[in-house]
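Taken in order, these protein sequences are the chains called U and X. First residue of the first sequence: 925, per our numbering; consecutive thereafter. First residue of the second sequence: 925, per our numbering; consecutive thereafter. Don't be surprised by glycine CBs; every beta carbon is placed ideally from N, CA and C. So the structure is just underneath, and the comments pick up after that.
There are 2 protein chains.
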Amino acid sequence: MKNYDHILKKLKEKGIRPSYIRVRIYSYLEESRIHPTVDEIYEFLSKEILTLSKTTVYNTLKLFTEKGLAQQLNIEGNELRYEAIRGFHGHFKCEKCNSIYDMKISQLEFEDDISEFVINEEQVLVTGVCPKCN
Amino acid sequence: MKNYDHILKKLKEKGIRPSYIRVRIYSYLEESRIHPTVDEIYEFLSKEILTLSKTTVYNTLKLFTEKGLAQQLNIEGNELRYEAIRGFHGHFKCEKCNSIYDMKISQLEFEDDISEFVINEEQVLVTGVCPKCN
DNA sequence: ATTACTGCAAATACTTTGCATACCG
DNA sequence: CGGTATGCAAAGTATTTGCAGTAAT
């Protein structure tokens, strides 16, 4: 049995009631590191939580996103991927195998004056071919 | 009547037969600078090209993307936006009014060794609140 | 008892596919 | 004529919504 204590704490801090499903979804986001789609989360967890519905996965991810625990990733055009919030980093998507890698990237440098803009989030997506496929 | 000569030339260079519809779609991408969705392109052009179908817009944009004339932008989760290929730049999306701005950004600096990766494309998406809405 | 959470089914939104018609060289 | 472009309708896929049942405080 895993230890979910730090997740319980994290959810409570954000004012989210740590139901079993929520904890499991967050745990999967945090551990899998695969930037999963809703479907991938659902497929994985529904094997253990047999009554789980996709609606709940959607609801939960929406809640996490609003409360700043998770982030929507616009990687493919047709589907959303999610990841647990961590430090700034970019993503690399392989066009051949569709794997997604994390990439360390220096902080963005804006060449315009952006002092009037409020910035909440920065996403970097690099597309190409990964070493395995090359 | 607009001068479409440079577009005709561009399409021909890429081996694309410059039908009227294709020229108009490219022209709209190039001029509007609004990073339009398929729907926006369709709504705009179908006022003048009454028989235009969305399928054709989809087909054309797919063709442009494959031939390197246009780029798919993953800005919202649920829909694709397109822009004519220009130099590297980022996009800012306002959470309140949903406008999309272009942003000048310095070249990305990777902190990992990426020599084994082939990089074809880089997208930067910044989210927040724009001056008008702030 | 009240509020919040979960889940099914239906509805919506976006995109793709199959096929028929129209156009161009 | 032969190949390409266009367009309609249907199918496919992802997400959201409405509502009812369930669990938690």
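- In this structure Q1031(U) does not touch F1016(U) by the C-beta definition: roughly 18 Å separates them, more than the 8 Å allowed.
- Minimum Cα-Cα distance from Y952(U) among the listed residues L997(U), E1007(U) and K1056(U) corresponds to E1007(U).
- Boundaries of the alpha helix (DSSP H) harbouring E954(U): Y944 to S956, taken from the DSSP string.
- Three or more beta-carbon pairs separated by less than 8 Å link the stretch 1039-1058 of chain U to the stretch 1043-1054 of chain X, which places the two stretches in contact.
- For T1051(U), a Cβ of chain X is located within less than 8 Å of the residue's own Cβ.
- DSSP places E1046(X) inside the beta strand (DSSP E), whose first and last residues are V1042 to V1053.
- For G1001(X), the chain U residues whose Cβ falls inside 7 Å of its Cβ are Q996, N998 and L1004, in order along the chain.
- If you compare the alpha carbons of F1041(U), C1054(U) and N1058(U) with that of P1055(X), the shortest gap goes to F1041(U).
- Relative to V947(U), the option among D929(U), E964(U), D1037(U) and K978(U) whose CA is nearest is D929(U).
- Within chain U, the residues placing a beta-carbon under 8 Å from that of E1033(X) are I1029 and S1030, ordered along the chain.
- With respect to the 8 Å criterion, I931(X) and T980(X) are not classified as neighbours on the basis of their beta carbons.
- Look at the stretch 1034-1045 of chain U: the residues with a C-beta under 8 Å from a C-beta of chain X are F1034, E1035, D1036, I1038, E1040, F1041, V1042, I1043, N1044 and E1045.
- Residue pairing of I1024(U) in beta bridges, as defined by DSSP: K1017(U).
- A Cβ-Cβ contact shorter than 8 Å links H959(X) with I1024(X).
- When DSSP states are grouped into helix, strand and coil, L969(X) belongs to the helix group.
- Going by beta carbons, L985(U) and I1009(U) fall outside the 8 Å limit.
- Here the C-alpha atom of Y982(X) lies approximately 7 Å from the C-alpha atom of V962(X).
- Chain X places no beta carbon closer than 8 Å to that of V962(U), leaving this residue out of the contacts.
- C-alpha of K933(U) to C-alpha of L974(U): approximately 26 Å in a straight line.
- Put simply, the CB of P942(X) is far from chain U, with every gap to its CB atoms at 8 Å or more.
- Under DSSP, T961(X) shares a beta bridge with R1005(X).
- With its beta carbon at least 8 Å from every one in chain X, V981(U) lies outside the interface.
- Each residue's CA atom was taken as its position, placing K938(U) and Q995(U) some 15 Å apart.
- The shortest CA-to-CA distance from D1036(U) to any of D1026(X), E1033(X) and S1039(X) is the one to D1026(X).
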